[in-house]
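To start, the structure itself, in structure tokens.
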Amino acid sequence: MTNSAARTIDRRPSTRPKGHDLSPRAVHRRVPERRGWRRWILSGLAVGSFVLTLLALPSPVAAQDPVLGTWLTEEGEAKVRLKLCSGELCGFIVWLRDPLDESGQPDLDNLNPIQSLRHRPILGLRMVHSFPPEPDRRGRYTGGKIYDPDSGRTYSATITPKGPNRLQLRGFVGISLLGRTTIWTRVEEEPSS
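FYI, the numbering for the sequence shown is 0 to 192, going by numbering that gives the first Met the number 0.
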């Protein structure tokens, strides 16, 4: 091949679209196009962070959690109000069929294994605690504890909503197979005085 053949200019039409010159001057001229990408990325990040902020806010759906409210125990002896307490699901005894003992005094937590807690009235007692505020993927609340003032024992427990007006509670020691299941029924909230 001669020098003159090597210097011939290729006259075939370019397959590159116009404006795709890769010379340093051409790259410098395309800086506004790169800024467009930066804007696109920054606006995407801004929109993403806005959406995450909205998702983090408490929604009306979360406020209507199926377990929150007042529940009548299976035996009809007590009403327990389940609510959120410092980021966990908890429950307090708000009504007793027989709130007084034989002497006419408020019924006390006499069977509590901790001597210093035996003077507490059962009415107002925190009976449910340490449950996560949200159910697991199967719709159950697990990992919490239920205190039974009739025996003075605390059990590991799961709470499973069974429709809008029924809760299944399973209290157990060790593993769930060694336990007892009870059903609570939703009752109307009593007006605050």
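Note that CB positions come from ideal geometry on N, CA and C, so glycine has one too.
All figures in this text were calculated on a predicted structure; none of them were measured in a lab.
- Where Ser-155 is concerned, the enclosing beta strand (DSSP E) starts and stops at 152-160.
- In the DSSP assignment, Asp-147 forms a beta bridge with Arg-152.
- If you compare the alpha carbons of Gly-75, Glu-87, Ser-155 with that of Pro-132, the shortest gap goes to Glu-87.
- Here the alpha carbon of Lys-82 sits roughly 26 Å from the alpha carbon of Gly-173.
- Scanning its chain for C-beta atoms nearer than 7 Å, with the 5 sequence neighbours on each side dropped, one finds around Gly-123 the residues Phe-91, Ile-92, in chain order.
- About 19 Å separates the Cβ atoms of Gly-68 and Arg-96, ruling out a contact at the 8 Å cut-off.
- Cα atoms of Pro-65 and Met-126: separation of roughly 19 Å, rounded to the nearest angstrom.
- Comparing alpha carbon positions, the residue from Thr-159, Val-186, Arg-80, Leu-99 closest to Arg-136 is Thr-159.
- For the region 85-134, the full-length beta strand (DSSP E) segments reaching 3 residues or more read 87-95, 125-130 along the chain.
- In this structure, Arg-152 sits near Tyr-146, with a CB-CB distance shorter than 9 Å.
- Rounded to the nearest whole angstrom, the C-alpha separation of Lys-161 and Arg-117 is 34 Å.
- Across the structure, Asp-100 and Ala-77 are spaced so that their CA atoms are roughly 15 Å apart.
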